[in-house]
Amino acid sequence: VTNDDEFQQFKDKYGKEAGMLSGIGTFFSYDSTDSSYKAHRGIRSMVELEYNGLGGKFTFWKLGYLNSYYYPIWAKGSFKYRFDFKFILPNGGSMETKVPMSERFFLGGEQTVRGYKPYIIGPRVPGTTEDPLGGISSVLLSVEYNQHILPPLLDFFVFADGGSVSKKTFKFSRLRTSIGLGVRMEIMGRMPITVGYGFPLNNKNHSDIQHIF
């Protein structure tokens with residue numbers, strides 16, 4: 010099967026999947042950080058639970074366990090550890106037919122695994138290398154050291170990120186990882202600007218890379 014044939018088969022089978030999404034959800038959160046704007050110590054943790062299928066076309070559960078842990082090593086420097094786990098449980102069908110694209114998980118970009126293009130980590134549309142398909146299991150791990158240079162106007166940070174997105178529930182593929190550094194600035198009364206450079210360590214394709222964010 011050629012790439013074009015494989016892609017056309019995918020479009021014919023899943024390209025017309027659309028419909029109403031109706032659901033209900035709740036979350037539980039815990040926050041012991043010392044600042045809601047720029048935390049230096051403490052824990053933020055959240056458990057999310059959502060059910061979709063209250064009259065809509067799609068039926069699935071969505072679970073999330075999100076954590077950020079801030080640990081100061083001195084007055085001007087602290088570590089941030091992040092570990093997020095997200096899962097979707099389709100009810101009676103495959104990911105493509107039971108979970109709309111807008112509800113799937115994507116990783117990559119300045120908010121998740123820095124140094125990769127936004128949303129590029131994970132399964133791709135069959136026959137392509139640059140069209141993300143999303144997944145139903147996602148894990149994001151990150152450690153970052155933040156150093157105050159000119160408090161509160163300028164910070165310097167270094168990081169290591171890793172993430173995986175899979176088409177299977179409760180299963181992960183190989184972590185895509187990166188390292189990098191950057192600066193955070195505040196101008197005009199807490200308007201944040203972040204500029205950084207990420208270096209992927211095991212990218213799948215060269216086209217996945219976006220160093221500057």
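Quick note on the numbering used here: the sequence shown kicks off at 10 and runs consecutively.
We put the beta carbon where it would ideally sit given N, CA and C, even for glycine.
Checklist entry - If we count the other Cβ atoms within 10 Å of its Cβ and call it buried at 16 or more, is L142 buried or exposed? => result On the sequence shown, position 133 is the one that residue 142 refers to. Result: buried.
Next on the checklist: Suppose you measure from the CA of G24 to the CA of F69; what does that come to, to the nearest Å?
Outcome noted: Here residue 24 corresponds to residue number 15 of the sequence shown, with the count starting at 1. Here residue 69 corresponds to residue number 60 of the sequence shown, with the count starting at 1. Low confidence applies here, because G24 scores a pLDDT of 49, under 50, leaving its location unreliable and the question unanswered by this model.
Item to check | Cβ-based burial, A84 [other Cβ within 10 Å; buried from 16] | outcome: Here residue 84 corresponds to residue number 75 of the sequence shown, with the count starting at 1. With fewer than 16 Cβ atoms within 10 Å of its Cβ, A84 is classed as exposed.
Item to check | Member of L162, I130, D140, R193 whose CA lies at the smallest distance from the CA of T186 | outcome: Along the sequence shown, read from residue 1 onward, the residue named residue 186 stands at position 177. Considering only alpha carbons, the answer is I130.
Checklist entry - Which whole-angstrom value describes the C-beta separation of T35 and L58, a residue pair presumed to lie in contact below a C-beta threshold of 8 angstroms? => result Within the sequence shown, the letter at position 26 stands for residue 35. Within the sequence shown, the letter at position 49 stands for residue 58. So it is a contact: roughly 6 angstroms between Cβ atoms.
Next on the checklist: Rounding to the nearest angstrom, what Cα-Cα distance links Q120 and D217 in this structure?
Outcome noted: Residue numbering aside, residue 120 sits at position 111 when the sequence shown is read from its first letter. Residue numbering aside, residue 217 sits at position 208 when the sequence shown is read from its first letter. Answer to the nearest angstrom: the Cα atoms are 16 angstroms apart.
Next on the checklist: Can you look up E9 in the DSSP assignment and give me helix, strand or coil?
Outcome noted: Any answer about residue 9 is impossible in this case: the structure gives the chain only from 10 up to 222.
Item to check | Euclidean distance between Cα positions of G86 and K126 | outcome: Looking up residue 86 in the sequence shown gives position 77. Looking up residue 126 in the sequence shown gives position 117. Cα to Cα, G86 sits roughly 29 angstroms from K126.
Checklist entry - Rounded to a whole number of angstroms, what is the C-alpha to C-alpha distance between F114 and F96? => result The residue labelled residue 114 in the question sits at position 105 within the sequence shown. The residue labelled residue 96 in the question sits at position 87 within the sequence shown. The alpha-carbon atoms of F114 and F96 are separated by roughly 9 angstroms.
Next on the checklist: Based on DSSP bridge pairs, tell me the residues matched to S111.
Outcome noted: One-based indexing of the sequence shown puts residue 111 at position 102. Paired residue(s): none; S111 is not in a bridge.
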